[in-house]
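Enquirer:
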Amino acid sequence: MSDKQQMLRNLPKVDDCLAHTHIKQLLISTSRSIVLKAIRSTIEMNRHAVLEGRLNLPEQLAIDIVISQVINEIKKLDRMNLRPTINATGVVLHTNLGRAPLAETVGDAIWQVAKGYSTLEYNTDTGQRGSRYDHIDQILTDLTGTEAAMVVNNNAAAVILVLSTLAKGKEVIVSRGELVEIGGSFRVPEIMTQSGATLVEIGTTNKTHFRDYEQAVNPDMTGALLKVHTSNYRIVGFTQDVALSDLAKISREKNIPLVHDLGCGLLCDLAPWGLQDEALVVDSVKAGADIVCFSGDKLLGGPQAGIIVGKKKYIDAMKKHPLTRAFRIDKLTLSALEATLRIYYDQERAMNEIPVLKMLTQSAEDIAKKAGQLLKTIQTHQVNGDLKCVVGQSQVGGGSMPTQVMPTTLVELKSNVMSCQHIERQLRECTRPIIVRTFNDAIYFDVRTIDELDFETIAQAIHTLLNQ
Ligand SMILES: *Cc1c(COP(=O)(O)O)cnc(C)c1O
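Each residue of the sequence shown is one higher than the last, beginning at 1 in my numbering.
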């Protein structure tokens, strides 16, 4: 018998694994189908490794090795795939990590609606069917100074709905400098095609003039003037674009709706904290935009949503559009959005309670103090590595304020026994993944985006990893 055949024989059978005390123990709390799946896939993985000559499995070790692999596999299969992470990158709106974390009070609002029946489409005044949009209509119009509002799944859907309602079969005029691509799949020209409107590009990449708009406008053919906020890039140097207030003049004169895709949609002024790159929704409205749309989960700090505010006649038409049903926001998101927006009635409260705003406006001194605390917590665990605080920069993220960097303090970790790639991977494979930055062969924790309550978890994870 060849070595390989002998080793295949040494591999435990499914029943051997099921009879093992550790597995029997696990079966009390884990469903049998998960355990079986883990056993089968582990045995299969080892079989392949043996056949390919990658594994040398001594008989006396086979069962112990396989059982410990099975237990690891069960842990992976039995936990949620979508689970909380610790964001140590300092990127506040990290799209891959779920963009905006929600305010504490919002969680309760979601759960109250989620666990039972709600007034989603029921009007308690009349006892008749109501509209899901009524719950946020008043709040949004109060906060933005507009006539009407509605919400869809995300801002990409909002833009399609707006263009399709106002300009299907017609032309939409956009400056060449504003033909943005956001996160790969949102590209203005493609969105335009999807909404059935024809894109009319005007000007050049760096300069677009008032006269370019004037010349392109055709009262019979133009469905809308669109201004797109260039969220994730800036054109600098020899540049020229036309202010929204100037576009509003053409819009009024020719009676063509002016749409502003704002992307971020700030409801609080962050200029006092040095964050001036993003426009406030109220400013767009004041400048004369008929329709403004923006994301719920960018700087607003709420759930994923596309918010549309503006003139009632246009919004009413959007509410009747068939796409609205397809882009319909669900009750969990709606409750999260309503609860988030309510906080904005008191701007000071918003600055203190909305995590995105809190993280963006932390002072450099507070962050330095926080970093010192993380450093101390890790040191308390006698971690086997070199630790220190260093200055660095955090980013806003989420395709916003691309040129804005915020000074921060990082905790740097270096090990002379483990590569930084290995540490990075181990931290991200934790049950609660810890996502860090690495460069120059070191690991960095940016405390701007870390909750103090998670310092202990981080310290323990590093200790377990480096002191094993
Ligand atoms: C982010 C962004 C979008 C897309 O918004 P989502 O909510 O991610 O769908 C559209 N337009 C602009 C200008 C943006 O910045």
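Note that the Cβ used here is the ideal one computed from N, Cα and C, for glycine as well.
Taking only the alpha-carbon atoms, compute the straight-line gap between I484 and H260 and give it to the nearest angstrom.
Expert: No information on residue 484 is available, as it lies outside the stretch 1 to 468 that the chain covers here.
Enquirer: If you reduce the DSSP assignment to three classes, tell me which class P355 lands in.
Expert: For the purposes of this step, residue 355 is identified with residue 355 of the sequence shown, where counting begins at 1. Looking at P355 - three-state DSSP - the assignment turns out to be helix.
Enquirer: Return the chain-ordered list of same chain residues with a C-beta closer than 6 Å to the C-beta of S195, the five sequence neighbours on each side being excluded.
Expert: As a first step, residue 195 must be located in the sequence shown, where it is residue number 195. Result list for S195: I160, L163 and S164, in chain order.
Enquirer: May I ask which residues mark the beginning and end of the alpha helix (DSSP H) holding H463?
Expert: What you label residue 463 is simply residue 463 of the sequence shown in a count that begins at 1. Counting along the chain, the alpha helix (DSSP H) containing H463 begins and ends at F455 to L466.
Enquirer: How far does the beta strand (DSSP E) with H260 in it extend, from its first residue to its last?
Expert: Numbered from 1 along the sequence shown, position 260 holds the residue referred to as residue 260. Where H260 is concerned, the enclosing beta strand (DSSP E) stretches over L258 to G263.
Enquirer: In the DSSP output, which residue or residues are listed as bridge partners for P407?
Expert: Translated into positions along the sequence shown, residue 407 becomes position 407. In the DSSP output, where bridge partners are listed per residue, P407 has Q393.
Enquirer: Which residues mark the beginning and the end of the beta strand (DSSP E) in which Y444 is found?
Expert: Residue numbering aside, residue 444 sits at position 444 when the sequence shown is read from its first letter. Per DSSP, Y444 belongs to the beta strand (DSSP E) from A442 to D446.
Enquirer: Classify H135 as buried or exposed, calling it buried when 16 or more other Cβ atoms lie within 10 Å of its own Cβ.
Expert: Residue 135 sits at position 135 when you count from the first residue of the sequence shown. Buried, by the Cβ-count rule.
Enquirer: Answer yes if the stretch 202-210 comes into contact with the stretch 269-286, meaning at least three C-beta pairs across the two stretches below 8 Å, and no otherwise.
Expert: With a cut-off of 8 Å, the stretch 202-210 and the stretch 269-286 do not count as touching, because too few Cβ pairs lie within range.
Enquirer: Under 7 Å, do A224 and L262 count as touching if we go by C-beta distance?
Expert: Numbered from its first residue, the sequence shown carries residue 224 at position 224. Numbered from its first residue, the sequence shown carries residue 262 at position 262. No, they are not a contact pair.
Enquirer: So, at 7 Å on beta carbons, what are the nonlocal neighbours of G385 in its own chain, with the 5 sequence-adjacent residues on each side left out?
Expert: Counting from one through the sequence shown, the residue named residue 385 turns up at place 385. Here the set comprises L413, K414, S415 and L466.
Enquirer: Looking only at its own chain, which residues have a Cβ that is under 6 Å from the Cβ of K254, when we skip the five neighbours before and after it?
Expert: Position 254 of the sequence shown, counted from the start, is the residue given in the question as residue 254. Same-chain partners within the cutoff: V217 and P219.
Enquirer: Leaving out five residues on either side along the sequence, give the residues of the same chain with a beta carbon under 6 Å from the beta carbon of G392.
Expert: Sequence index remark: in the sequence shown, residue 392 carries index 392 (1-based). The residues are T408 and L410.
Enquirer: Helix, strand or coil, according to DSSP, for R437 in the structure here?
Expert: Counted from its first residue, the sequence shown places residue 437 at position 437. Looking at R437 - three-state DSSP - the assignment turns out to be strand.
Enquirer: Considering just the uninterrupted stretch of the alpha helix (DSSP H) at V210, what are its terminal residues?
Expert: Translated into the one-based positions of the sequence shown, residue 210 becomes position 210. Correcting the residue type first, residue 210 is Phe in the shown sequence and not Val. F210 -> alpha helix (DSSP H) spans F210 to A216.
Enquirer: For R102, which of helix, strand or coil comes out of DSSP?
Expert: In the sequence shown, the residue the question calls residue 102 occupies position 102. A quick correction: the sequence has Leu, not Arg, at residue 102. Correct three-state label for L102: coil.
Enquirer: If contacts are defined as beta-carbon pairs under 8 Å, then D297 and Y314 qualify, I think. What distance do you get, rounded to the angstrom?
Expert: Sequence index remark: in the sequence shown, residue 297 carries index 297 (1-based). Sequence index remark: in the sequence shown, residue 314 carries index 314 (1-based). Their Cβ separation, rounded to whole angstroms, is 24 Å, which puts D297 and Y314 out of contact at 8 Å.
Enquirer: Opposite Q128 in the DSSP bridges: which residues?
Expert: Indexing the sequence shown from 1 puts residue 128 at position 128. Partner(s): N123.
Enquirer: Answer yes or no: the CB of A156 versus the heavy atoms of ligand 1, is any distance below 6 Å?
Expert: For the purposes of this step, residue 156 is taken as residue 156 along the sequence shown, with counting starting at 1. Flag set: Cβ of A156 near ligand 1.
Enquirer: Measuring alpha carbon to alpha carbon, tell me which residue in G310, L300, Y213 and D277 is nearest K286.
Expert: Sequence index remark: in the sequence shown, residue 286 carries index 286 (1-based). Selected option, being the one with the closest Cα: G310.
Enquirer: Quick check: the stretch 8-21 against the stretch 53-65, are there 3 or more CB pairs under 8 Å?
Expert: Judged by Cβ distances under 8 Å, the stretch 8-21 makes contact with the stretch 53-65, as three or more pairs qualify.
Enquirer: Give the single residue among V447, A103 and E348 whose Cα lies nearest to the Cα of C389.
Expert: Along the sequence shown, read from residue 1 onward, the residue named residue 389 stands at position 389. Of V447, A103 and E348, the residue nearest in Cα terms is V447.
Enquirer: Given this structure, state the Cα-to-Cα distance separating W197 from Q404, to the nearest angstrom.
Expert: Mapped onto the sequence shown, residue 197 falls at position 197. Mapped onto the sequence shown, residue 404 falls at position 404. According to the sequence as given, residue 197 is Ala; it is not Trp. Going from the Cα of A197 to the Cα of Q404 covers about 34 Å.
Enquirer: Could you give the distance in angstroms between the alpha-carbon of L427 and the alpha-carbon of F186?
Expert: Position 427 of the sequence shown, counting from 1, holds the residue named residue 427. Position 186 of the sequence shown, counting from 1, holds the residue named residue 186. Roughly 32 Å between the two C-alpha positions.
Enquirer: What are the partner residues of G306, as DSSP defines its beta bridges?
Expert: The residue given as residue 306 occupies position 306 in the sequence shown. According to DSSP, G306 bridges with V152 and S295.
Enquirer: Along the beta strand (DSSP E) that carries A224, what are the first and last residues, could you check?
Expert: Taking the sequence shown and counting its residues from 1, the one referred to as residue 224 is at position 224. Element bounds for A224: T222 to V228.
Enquirer: Is S231 a contact residue of ligand 1, with contact defined as CB to any heavy atom under 6 Å?
Expert: As a first step, residue 231 must be located in the sequence shown, where it is residue number 231. True, at least one ligand heavy atom lies under 6 Å from that Cβ.
Enquirer: How long is the line joining the alpha carbons of E171 and M221, rounded to whole angstroms?
Expert: Taking the sequence shown and counting its residues from 1, the one referred to as residue 171 is at position 171. Taking the sequence shown and counting its residues from 1, the one referred to as residue 221 is at position 221. If I take the Cα positions, the gap works out to 6 Å.
Enquirer: Alpha helix (DSSP H) containing L199: first to last residue?
Expert: Residue 199 sits at position 199 when you count from the first residue of the sequence shown. From DSSP, L199 is part of no alpha helix (DSSP H) but of the beta strand (DSSP E) over T198 to I202.
Enquirer: Between which residues of its own chain and T230 is the CB-CB distance below 8 Å, once the five residues before and five after are set aside?
Expert: Looking up residue 230 in the sequence shown gives position 230. For T230, where only same-chain residues beyond five positions count, the Cβ hits under 8 Å are G177, E178 and V180.
Enquirer: With DSSP collapsed to three states, give me the class of R187.
Expert: For the purposes of this step, residue 187 is taken as residue 187 along the sequence shown, with counting starting at 1. In the structure shown, R187 sits in a strand (DSSP, three-state: E or B).
Enquirer: From what residue to what residue does the beta strand (DSSP E) around V383 run?
Expert: Taking the sequence shown and counting its residues from 1, the one referred to as residue 383 is at position 383. Here V383 belongs to no beta strand (DSSP E), and DSSP marks it neither H nor E.
Enquirer: Measure the beta-carbon distance from V436 to E452 and round it to whole angstroms, keeping in mind my assumption that it falls under 8 Å.
Expert: Locating residue 436 in the sequence shown gives position 436, counting from the first residue. Locating residue 452 in the sequence shown gives position 452, counting from the first residue. Incorrect: roughly 17 Å between the Cβ atoms, too far for contact.
Enquirer: Can we say the stretch 43-57 touches the stretch 87-105, given the rule of at least three CB pairs closer than 8 Å?
Expert: Output reads no: the stretch 87-105 does not touch the stretch 43-57.
Enquirer: Taking the alpha carbon of L211 as the reference point, which residue from G183, Q362, F238 and I173 has its own alpha carbon closest?
Expert: Locating residue 211 in the sequence shown gives position 211, counting from the first residue. Per the sequence presented here, residue 211 reads as Arg, with Leu not at that position. The option with the nearest alpha carbon to R211 is I173.
Enquirer: With a threshold of 8 Å on Cβ separation, who are the neighbours of P58 within its own chain once the five nearest residues in sequence on each side are excluded?
Expert: To locate residue 58, count along the sequence shown from 1; it is residue 58. The residues are N10.
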